[in-house]
Structures are given as structure tokens and as C-alpha cells.
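Residue numbers for the sequence shown follow our numbering, beginning at 63 and rising by one.
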Amino acid sequence: MLKLHDFCNRAFGDDRVFIEKFILNPRHIEIQILGDQHGNILYLNERECSIQRRHQKVVEEAPSPFVTPAMRKAMGEQCVALAKAVGYYSAGTVELIVSGADPTGESFYFLEMNTRLQVEHPVTEAITGIDLVEQMIRVAAGEKLEMTQDDIRIDGWAIENRVYAEDPYRGFLPSTGRLTRYQPPVAGWTDDGAGNGRRGVDGVRVDDGVYDGGEVSIFYDPMIAKLITWGETRDAAADLQVAALDRFEIEGLGHNIDFLSAIMQHPRFRSGELTTGFIAEEYPEGFHGADTSEEVVRALAAIAGFMASANADRARRVDGQLGDRLDPPAKWQVTVDGAEHRVKVGAKHIKVDGEKIDIALEYTPGDRLVVAEIDDSELAVKVARTRTGWRMTTRGRIHEVRVLPAHVAPLTRHMIEKIPPDLSKFLICPMPGLLVALHVGEGDAVELGQPLATVEAMKMENILRAEKAGVVKSVNAAQGDSLAVDAVILELE
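Structure follows, in C-alpha cells:
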């Protein structure tokens, strides 16, 4: 400590040392407050925002699975006292760090107060039925609050997921470009009147500001939309998130929909054992898609076989063909992520590997979304045609699916495998952005993992590192250049 005092004095001319308390299993919990200009201030319960990446919130929910009624009252009253002490009115949020290691709930500590409406305010609206924007306008006009603390209730559970233009399969790199397709599960800013209009349609709400054909640029925050669900219980709200995310269609750029779905299904999330380190702890090697059950894989094989039969049936109906019309194949070999399945499509049923699948679905060639009923439950699958099958996305994972007629599939063993080129000697820009720093020059020796360049996109700096050791052969970009995706920054010998 003496050495530290001496260092601070020499470096800053001030030998004071501030020590912060270390919080075990930290949880980010915040209190929504609302006050008028007549001295009335209320707390509208709490929100938990512990699931974060790079200190940016990803998932928010209300109430918190950790907070007890006694803890809620203690935190709320202290936050109200804070607001009164500074004469605050309107909506505001007091953010707290809470020790998840203290089961008493007494270890909560002040972080900051945001004197504005928070991104995550819809979850509070969903469980209280209070329109916060309306109340802010009324307060600004000098009106008194028409409610008291005793009127504030908790009705059900609400979860919000932030839909970002970043690709979790590529280390969460920002993704920019044109939205060639944007189709949320419900239209943005619509509701059916439930919860004072704060719960969207059938418990699914979308707040957004983008549209088909719109552009997501490098200059702003990567948020595309907010998806909010409400249910009687926490599990019901999470299940509704999974179903809604399966129906959320975004094309043209990378997004985090699969990652959000994986979180909603994760056993640790369902248990409520959250900390601010959740993502780093559960995905230390990056994100590669949610785990998929055997039942879902078999359903995908059945759907792919059905779609292949529908496409073949349409092909045989094209006018002007020579010869008689052939019946579409009934037997298919469907390969899902490398695993082969035998699929037989009959007039009344579908069999996968010899077992009948209880499935009902409709598909017209060209559909982008297929909804199948399987054993009294629904499975929504986004489908995109590929050369030999489909790319099928559901339940937080992308599945590469190859579909071939059963009599053709054995011939694939004679096909020559195409080996992709080695690009490891190139430093390629992974996203459009601004080259703010170039850390090496021609002739410099570099080591594995060494920083080579820094690219700024969507208000974040991304450090690009060497994938192998070598010597810089040539540099193709300069500091200050605007780079396109896949632009070659430099080449190694």
C-alpha cells in the first residue's frame, strides 16, 4: 500500500487510494422510479439486466428472479429517498449492483441514476400496466400522479431481448448493410389492449425503427429492435420469446436472434442463477448455435423431405416438357448437419428412419417460413434454398440440410471434394468500418495473436490480430480509410 501511495503521488500529485468493494456473483438490478412536481415519488418495482456483453445489456426482465418482497421494498424506498434528496421528478432509473452470493438480499450498492427513460422500460410497463411515456408527459405538464405506492402491483412476468446487428457466429462482429427482409413476429408498435396496451399482441411486443429496404450503417448503435414478451410466469414469458424469435425474419445482415434464443432456452437462465458474467462463463469458446434435441432434428428432416417433394411436384408440372409427367420422388436422403436420415413422404404421413412422425404443415415453394404442428406443439422454421437443399433455422441454431432422392444420394461418394483456399496470410476486414489504427508496417515481423489493425464500427473499436506468425509482405490500406467487408488490409509472406 505504501508503494501504491508513492506511485500515485508521483504520477498524479495525489496519494489518495480508493478501494472498491469486490462483489461476488454480481447481478445488475435497477429500480424504476416515477415522480411528479408536487413531491410524490414512487418506485415501480425492479428490472434485472445481468446478462450483458461488453457492459452492454442484452436481456432484461421484470421482476427479478432474485429479489424478494422485503428486498424490493428496501431497495425501492432507498431509491425514492435518493430522488427526493435531489428534488428529482419524471421517470428515472436507479442502477444497483447486487451480490448474488448474499441470500439475505441486503448487499446492494448504488451505481448511478439515469435521469431518462431506459431502453428496457417496456418490461416495467408490461407488469404494471403503466404507460411511462404518458406519465412523463403528464408530469412535465405539471399534473399530479394519480396513483400511490399501494397501487403498484406485479402482474405476471416480462422479458425483453435486444435484437442487435451483430453476428454471434463471428465473435459478435458488427454487421452493417441493407435489410433485404425485415418481418418481426408482430408489427412494431401494435397492441391488443392487454395490460393497458403495454403487452403487444398476444403477449408479444416489438419496438423498432427499421423497415424492409432500410440500411443499418456503421455510425450508430447496432440495435435493430426490442422484442418483449409477457406471460403469467417467467417460463411462459421465456417460451414465448423462443417462439417469437423463431418467427423473427431478418435478412441482408448478421443478427443475434439465434443467440438470444439460445439464452432463453439455457438451463442456467431458466434457473434464474444469473450474473453479469453469464455470457463469458457459458460461452467461453464463442457461440456456435444452441443445442438441438433429437426430436427437433427428426422434425427438420421430415420438413425438408416434404419441401423437396413439393418442389419436385411443381417441377413436373412445368408446361412443354418432353415425355410423360413423372411422379415426384417419395423417398429422400436428408442430411442434417452431417447426419443422414431416410425420409419417406406418403399421402397421409411422413416417416423418418422408418418411424412415423406426427406432423402437419403447409408449404408452397418459395416460402421463407414454415410452421409445423408436431405432437400438439408448433415449430416455426426459417428456410432458405441452397444448391442441394436448405439452410433451416430454428430454436437458436442454423442447420445445413442436404436433400437428395434416395436413388441419387449414393452417387455423391464419387464427387470430388472442393478444398477452400488458404486465406490465413491475409488480414481481411470482417465488417465495414473505419481503419483507425494500423499497428505494423511492411517488413515487420509479427507473432500469433499480435494486434495488426483496429477497425471502428458502430461506436466500437475492434482489434484485428494475426492468425499466424510471419513477416508483413505488403500493406493495402492506410489509417483513416473506410473499408468494405472482406477488404484485404495487409498480406503476410
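We put the beta carbon where it would ideally sit given N, CA and C, even for glycine.
Inset, instruction - Taking 8 angstroms as the threshold, find out whether the stretch 487 to 506 comes into contact with the stretch 457 to 469 through three or more Cβ pairs. - result: no
Inset, instruction - Would you kindly work out how many angstroms separate the C-alpha atoms of residue 155 and residue 321, rounded to a whole number? - result: 27 angstroms
Inset, instruction - Check whether the stretch 345 to 357 touches the stretch 223 to 233, taking contact to mean three or more Cβ pairs, one atom from each stretch, closer than 8 angstroms. - result: yes
Inset, instruction - Taking residue 390 as the reference, give the member of 396, 288, 375 and 173 with the closest Cα. - result: 375
Inset, instruction - Can you tell me which of 489, 532, 88 and 292 puts its alpha carbon nearest to the alpha carbon of residue 507? - result: 532
Inset, instruction - Helix, strand or coil for residue 151, going by three-state DSSP, please let me know. - result: coil
Legend entry - Residue nearest to residue 119 in terms of C-alpha spacing, selected from 128, 552, 89 and 300: 89
Inset, instruction - Go ahead and label residue 137 buried or exposed: buried means 16 or more other beta carbons lie within 10 angstroms of its beta carbon, across all protein chains shown. - result: buried
Inset, instruction - Answer with yes or no whether the minimum CB distance from residue 311 to chain D is below 7 angstroms. - result: Protein chains in the displayed structure number just one, and chain D is not present.
Inset, instruction - Could you tell me whether the stretch 399 to 414 touches the stretch 262 to 276, using the rule of 3 or more Cβ pairs below 8 angstroms? - result: no
Legend entry - Residue from 71, 95, 73 and 245 whose Cα sits closest to the Cα of residue 210: 95
Inset, instruction - With a threshold of 16 other CB atoms inside 10 Å of the CB of residue 524, please say whether the residue is buried or exposed. - result: buried
Inset, instruction - Could you pull the start and end residues of the alpha helix (DSSP H) that residue 194 belongs to? - result: 194 to 202
Inset, instruction - Taking the CB atoms as reference points, tell me whether residue 258 and residue 191 lie closer together than 7 angstroms. - result: yes
Inset, instruction - Evaluate residue 113 with the Cβ neighbour count: other Cβ atoms within 10 Å of its Cβ, from every protein chain shown; 16 or more gives buried, anything less gives exposed. - result: buried
Legend entry - Where residue 308 falls, given that 16 or more other Cβ within 10 Å makes a residue buried: buried
Legend entry - residue 238 burial status per 10 Å Cβ neighbour count (16 or more: buried): buried
Inset, instruction - Would you identify the three-state DSSP class for residue 85, choosing helix, strand or coil? - result: coil
Inset, instruction - Return the chain-ordered list of same chain residues with a C-beta closer than 7 angstroms to the C-beta of residue 427, the five sequence neighbours on each side being excluded. - result: 372, 373 and 376
Legend entry - Other residues of its chain near residue 134: CB distance less than 7 angstroms, five sequence neighbours each side excluded: 107 and 108
Legend entry - Ranges of the beta strand (DSSP E) found wholly within the stretch 109 to 197, counting only runs of at least 3: 121 to 124, 152 to 161 and 170 to 176
Inset, instruction - Using three-state DSSP, classify residue 329 as helix, strand or coil. - result: helix
Inset, instruction - Name the one or two DSSP bridge partners that residue 509 has. - result: In DSSP, residue 509 forms no bridge with anything.
Legend entry - Cβ contact (3+ pairs, closer than 8 angstroms) linking the stretch 318 to 338 and the stretch 385 to 400: no
Legend entry - residue 538 in three-state terms, based on DSSP: coil
Inset, instruction - Please classify residue 153: is it buried, with 16 or more other beta-carbons within 10 angstroms of its beta-carbon, or exposed? - result: buried
Legend entry - residue 476 versus residue 450: straight-line alpha-carbon distance, rounded: 16 angstroms
Inset, instruction - Would you check if the stretch 349 to 366 and the stretch 424 to 438 touch, i.e. whether three or more CB-CB distances between them fall below 8 angstroms? - result: yes
Inset, instruction - Return the chain-ordered ranges of every alpha helix (DSSP H) run that is complete within the stretch 256 to 335 and spans a minimum of 4 residues. - result: 256 to 259, 296 to 308, 319 to 327 and 329 to 333
Inset, instruction - Please go through the same chain and pick out, in chain order, the residues whose beta-carbon is closer than 6 angstroms to the beta-carbon of residue 240, but skip the five residues on each side of it. - result: 277 and 314
Legend entry - Close-in-space but distant-in-sequence residues of the same chain around residue 460 (CB under 7 angstroms, 5 per side omitted): 320, 351 and 453
Legend entry - Backbone CA spacing between residue 552 and residue 517 [nearest angstrom]: 13 angstroms
Inset, instruction - Identify, in the order they occur along the chain, each residue of the same chain with its Cβ nearer than 7 angstroms to the Cβ of residue 117, setting aside the five sequence neighbours on each side. - result: none
Legend entry - Burial state of residue 128, where buried means 16 or more other Cβ atoms lie within 10 Å: buried
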